[in-house]
Structures are given as C-alpha cells and as structure tokens.
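Participant: Letter 59 of the sequence shown, counting from 1, is numbered 59 in the UniProt record's numbering, and no numbers are missing.
Where a beta carbon is used, it is the ideal one built from N, C-alpha and C, also for glycine.
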Amino acid sequence: MATEKQPTIIKKYANRRLYHTGTSAYVTLEDLAGMVRQGDDFVVYDAKSGEDITRSVLTQIIFEQENKEGQNLLPVTVLRQLIRFYGDSMQALVPSYLEFSMNNLSQEQQKLRDQMTSAFGSGAFQAMEEQVRKNMSFFTEAMRMFSPFPQGGAPGAPATKATSQAEEGGDLDALKRQMADMQAKLDKLAGK
1 MATEKQPTII KKYANRRLYH TGTSAYVTLE DLAGMVRQGD DFVVYDAKSG
51 EDITRSVLTQ IIFEQENKEG QNLLPVTVLR QLIRFYGDSM QALVPSYLEF
101 SMNNLSQEQQ KLRDQMTSAF GSGAFQAMEE QVRKNMSFFT EAMRMFSPFP
151 QGGAPGAPAT KATSQAEEGG DLDALKRQMA DMQAKLDKLA GK
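This is the structure:
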C-alpha cells in the first residue's frame, strides 16, 4: 500500500517569521508561494499556540500576489461576489464549487495552454478587438432603445453622435488595456 507524502510543517513565530522544519531554515511568503507552484504541500502552525493557520498564510500569499503590478488574477467583481456569499445561504456551496472548478482548470491546464497558443496567433486579437467593438456598438444601441432617457439628453432626445463616439472611444481604450493585459497573461502562460 502506497503511503502519501506528509505535508511540510512550517511554524510561524510571534515575530512573523516562518520556519521550514524540513530544511531548518527561515522562509518568506514568496518561498511558500514557490512551494505551492511546485506542488509541495505544507501546513502552517502558530509556533506558540499550535493553531493551524495555513488558510490565513495562503490568503496572505494571494494578497501579496494581487498587489504586484500586473499580477491580478481576481477581478474586483469576483472579490465583491465572494464577500457577498459570506453569511448567505449559498456560502456552504461556494468552497466545493471553487475547488471543483480549480481542479478541472488544473487538470486541463496544458491542453488549454496549447489551444490558446494555437488559437491566438498574430491576427486573432485584432479580430477579437473588432468583434468586441461590434458587440459594444450593438449593446449600446440596445441600451438606447430600452432607456427611457438617452444619456446626456432630455427625455426622448437622441444622444449626439459626438457623445456616442467619445463614450465608445473611452470604452474601446479600456477594452484595449484589458486585451493587452490578457495578452500578457497568455504570453506568460504559454512561456511556462
């Protein structure tokens, strides 16, 4: 019968230093993040109380990663939705749903990388940008049809073309920035 490898024990001291018991050395949150990336399992205990504080330390690692420029994995909308689930009747379902989703993503990671690399060649993002532009135009028109008060005008008065183009320009710039960020993340994934 095969035995599973026991997780490494990390102790966190009152001075906030983390001690790796396997290597008898102090480690940083960045070192622990590297262990996670390599698939090394660990648990973190408070050195004084013996309390398991692994969840808290992993959350700290996520916080540190999210604060690095260009490292945002969790959109603000997702963070807000997670906060809304606390105390909600759906709270019990969220952990298993997230775990299931992340496990599936991890299992399909290489296949997804290969597909993204082959799908997003040199002209793919230009085509996507054009499609996004068309979708935004369609959405804007649909919103105007159903809006009782057009943006920037009196009830029943059509929005001016200059206002519409300025709004689309701002939206387009925001979409271009998002696309550039997405391309950078895809390039980073493809390089790994």
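Taking ALA14 as the reference, which of ARG80, TYR45, LEU74, LEU82 has the closest Cα?
Facilitator: Among ARG80, TYR45, LEU74, LEU82, the Cα nearest to that of ALA14 is on TYR45.
Participant: Just verifying my parser: in three-state terms, what is the DSSP assignment at ALA14?
Facilitator: Reduced to three states, the DSSP call for ALA14 is coil.
Participant: Taking the straight line between their C-alpha atoms, what separation do you get for PRO7 and PRO75?
Facilitator: Taking the straight line joining both Cα atoms gives about 31 Å.
Participant: From the DSSP output, in three-state form, read off THR21 for me.
Facilitator: Coil.
Participant: Does the contact criterion of 3 or more C-beta pairs under 8 Å hold for the segment 58-65 versus the segment 27-45?
Facilitator: At 8 Å Cβ cutoff, the stretches touch.
Participant: What residues in its chain sit with their C-beta under 7 Å from that of HIS20, if we drop five residues either side in the sequence?
Facilitator: These residues qualify, in order along the chain: THR8, ILE10, VAL27.
Participant: Per DSSP, which residues does TYR26 bridge with? Please list them.
Facilitator: TYR19, per the DSSP bridge assignment.
Participant: How would you write the range of the alpha helix (DSSP H) that PHE42 sits in, first residue to last?
Facilitator: It is not in any alpha helix (DSSP H) - PHE42 instead sits in the beta strand (DSSP E) that spans 42-46.
Participant: Work out the CA separation of ALA180 and LEU186 for me, nearest whole Å.
Facilitator: Using only the alpha carbons, I get a separation of about 10 Å.
Participant: By the DSSP assignment, the alpha helix (DSSP H) with PHE85 in it spans what residues?
Facilitator: Counting along the chain, the alpha helix (DSSP H) containing PHE85 begins and ends at 76-85.
Participant: With a Cβ-Cβ cutoff of 8 Å, do LYS5 and ALA47 count as a contact?
Facilitator: No.
Participant: What number of angstroms, rounded off, separates the C-alpha of LYS188 from the C-alpha of GLY70?
Facilitator: When rounded, the distance between both Cα atoms is 11 Å.
Participant: With a CB to CB cut of under 8 Å and the five nearest residues on each side skipped, what residues in its chain are close to residue 264?
Facilitator: Residue 264 lies beyond the residue range present for the chain, which begins at 1 and ends at 192; the question has no answer from this structure.
Participant: According to DSSP, ASP52 sits in a beta bridge with which residue or residues?
Facilitator: Paired residues: TYR45.
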